[in-house]
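Take a look at the structure set out below.
Protein chains: 2
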Amino acid sequence: MSPQRERILKAAAHLFARDGYHGAGMAQLEQEVGLKRGALYHHIGNKESLLYEISRTQLEHMVGIASRIVEETPDETECFRRLARTLLRNIADHRLEWTVHYRDFNALTGERLEHVLELRRRYSEIWQRVYASGVERGLFQPAEPRVAVLGILGMFNYSYLWIEADGRLDTDRIADLYCDIFLRGVLLPPHPAPEE
Amino acid sequence: MSPQRERILKAAAHLFARDGYHGAGMAQLEQEVGLKRGALYHHIGNKESLLYEISRTQLEHMVGIASRIVEETPDETECFRRLARTLLRNIADHRLEWTVHYRDFNALTGERLEHVLELRRRYSEIWQRVYASGVERGLFQPAEPRVAVLGILGMFNYSYLWIEADGRLDTDRIADLYCDIFLRGVLLPPHPAPEE
DNA sequence: TGTACCGTACCGATCGGTCGGTACGCAATG
DNA sequence: CATTGCGTACCGACCGATCGGTACGGTACA
């Protein structure tokens, strides 16, 4: 990937995050990047490809990370903690991209939209499967697993609106806090007492 | 409010929710409503006023409801339950409006933007104060109250993406589920056992 | 000589918004 | 009863600006 294209993507992420995909014009992007129309289109092809790249990259990255974590982590509670930490850290590190993703990925069309939807589905399913596995082992409440997982995903996904990468609070601590809350909420008290 | 304006607002909410505020054009709105340009602007003034009305109404309603609940409900856990139920029910009943709100309220300008931001601040503070009050009474974990509240708000706010008003699951049940998870997560175990 | 990079000029389409004008219903006045 | 005046609702043409995108010529470097 050319360094120019990197620069353009960065500027586009900043612009789209501020004004929205449809709200940001190519004229603004020209100015931000310091290239004129012809040079810009020489690098990017078209506007939607920018949105695609921005919406896709981090999500694809997270699907990869999450898959690996699930493979390596048999214990479901520990698995949740690792998923949570990596997710929140990534959101904090790429807040602009996630802002664009959540707000505007559905402005994509055709195959590009399909691909991003597929990635979203896969990522969500990873969390779902971990929970289901925990239910099977008698660890988690078996009631409404789908809604429960959507809940904890909501805690993390919503954070792109307020989290700061260099904030006072380490993202790992926040992730742990949310995991503690969630796990204490869904863990069954059974045989032994896994309560901390 | 004239019935025509109501119709226009409904159509605009539908359109903005699907295509985004900047992505939806007035030509589409003409067609959806069945009025031509002149008639449309006779009723609405300008495009941004539509966004303002859509972004503001339900939020303002929720601030009012929440204020009343806090006044009437001294017990913090019960207060959370009521706040949660009314919020989730409203989100499910006005999913389109909330979709527009979350995605595009920051496309507002000037006083309109200020007003909506003020409403958001007030609503969030209501939840914060309930939590703080619970901490003072020794009910909740005193650590990171702000982050904890942002977590539960995330659970609910994220739901506009998947909840269905006439879904299989009653919104009250989902709200209770989330409240149970959250409260069990932040409740301190002390003296008596307020656990249900 | 080719190719990657860039600027300039320009395209048709669409953007949100305004304009003058018309049809109609209602209420007051003679 | 007829006439006048007025507000509401609506149409369709039109505005300047901006939209995303393209054609093409020049330049620098291989």
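From first to last, the protein sequence lines stand for chains A and B. Our numbering puts the first residue of the first sequence at 1, with every later residue one more than the last. Our numbering puts the first residue of the second sequence at 197, with every later residue one more than the last. Ideal Cβ placement from N, Cα and C applies to all residues, glycine included. On a predicted model such as this, the values are computed, not experimentally measured, just so you know.
A residue is called buried when at least 16 other Cβ atoms come within 10 angstroms of its Cβ; glutamate 97 of chain A meets this threshold and is buried. With fewer than 16 other Cβ atoms inside 10 Å of its own Cβ, threonine 109 of chain A counts as exposed.
For the C-beta of glutamate 340 of chain B, the chain A residues within less than 9 Å are, from N- to C-terminus, Leu169, Arg173, Ile174 and Leu177. Taking every protein chain shown into account, the CB of histidine 42 of chain A has fewer than 16 other CB atoms within 10 angstroms, so this residue is exposed. In this structure the region 51–65 of chain A does not touch the region 155–175 of chain A; the number of beta carbon pairs closer than 8 Å is below three. Close to chain B, meaning a Cβ-Cβ distance shorter than 8 Å, are the following residues of the region 149–165 of chain A: Leu150, Gly151, Ile152, Leu153, Gly154, Met155, Phe156, Asn157, Tyr158, Ser159 and Trp162.
Within chain B, the residues placing a beta-carbon under 7 Å from that of arginine 184 of chain A are Arg380 and Gly381, ordered along the chain. Neighbours of alanine 107 of chain A across chain B, judged by C-beta separation under 7 Å: Gly216 and Gly219. Look at isoleucine 287 of chain B: its C-beta is not under 8 Å from any C-beta on chain A. Between leucine 83 of chain A and leucine 139 of chain A, the CB-CB gap reaches or exceeds 8 Å. Following the DSSP letters along the chain, one finds proline 145 of chain A inside the alpha helix (DSSP H) bounded by residues 145–157. With 16 or more neighbouring CB atoms inside 10 Å of its own CB, leucine 29 of chain A falls in the buried class.
Comparing alpha carbon positions, the residue from A/Trp127, A/Tyr21 and A/Gln31 closest to glutamate 48 of chain A is A/Tyr21. For leucine 383 of chain B, the three-state secondary structure derived from DSSP is strand. Exclusion of the five residues before and after threonine 171 of chain A leaves Leu88, Arg89 and Ala92 as the residues of its chain whose Cβ lies within less than 6 Å of its Cβ. Distance from the CA of phenylalanine 378 of chain B to the CA of glycine 45 of chain A, rounded to the nearest whole angstrom, comes to 47 Å.
DSSP places serine 329 of chain B in the uninterrupted alpha helix (DSSP H) bounded by 306–332. Under the DSSP definition of a beta bridge, phenylalanine 336 of chain B partners with B/Leu383. The continuous alpha helix (DSSP H) containing proline 3 of chain A extends over residues 3–19. Arginine 173 of chain A sits in a helix when the DSSP states are folded into three classes. In the three-state scheme derived from DSSP, where H, G and I count as helix and E and B as strand, tryptophan 294 of chain B is classed as helix. Counting C-beta pairs closer than 8 Å gives fewer than three between the region 118–131 of chain A and the region 346–356 of chain B, which falls short of the contact rule.
By the Cβ-count criterion, glutamate 272 of chain B is buried, with 16 or more other Cβ atoms from all chains shown falling within 10 Å of its own Cβ. Cβ contact annotation for histidine 14 of chain A (same chain, cutoff 8 Å, sequence separation greater than five): Glu32 and Leu96, in chain order. Using beta-carbon distances, isoleucine 181 of chain A counts as an interface residue toward chain B, with a partner under 8 Å. Apart from the 5 residues on each side of it in sequence, alanine 328 of chain B sits with its Cβ closer than 8 Å to the Cβ of Pro341 in its chain, given in chain order. Here isoleucine 163 of chain A carries a coil assignment [DSSP, helix/strand/coil]. A Cβ-Cβ distance of about 14 Å is found for the pair leucine 113 of chain A and glutamate 53 of chain A, leaving them out of contact under the 8 Å criterion. A Cβ-Cβ separation of about 20 Å leaves arginine 184 of chain A out of contact with arginine 333 of chain B under the 8 Å criterion. Residues of the region 290–316 of chain B with a C-beta atom less than 9 Å from some C-beta of chain A are Tyr298, Arg299, Asp300, Asn302 and Ala303, listed in chain order. If you draw a straight line from the Cα of glutamate 274 of chain B to the Cα of leucine 365 of chain B, it comes to about 21 Å. Across the region 249–263 of chain B, no CB contact with chain A closer than 8 Å is found for any residue. Membership of phenylalanine 276 of chain B in the alpha helix (DSSP H) is indicated by the continuous run 272–289.
For lysine 47 of chain A, the enclosing alpha helix (DSSP H) begins and ends at 47–72.
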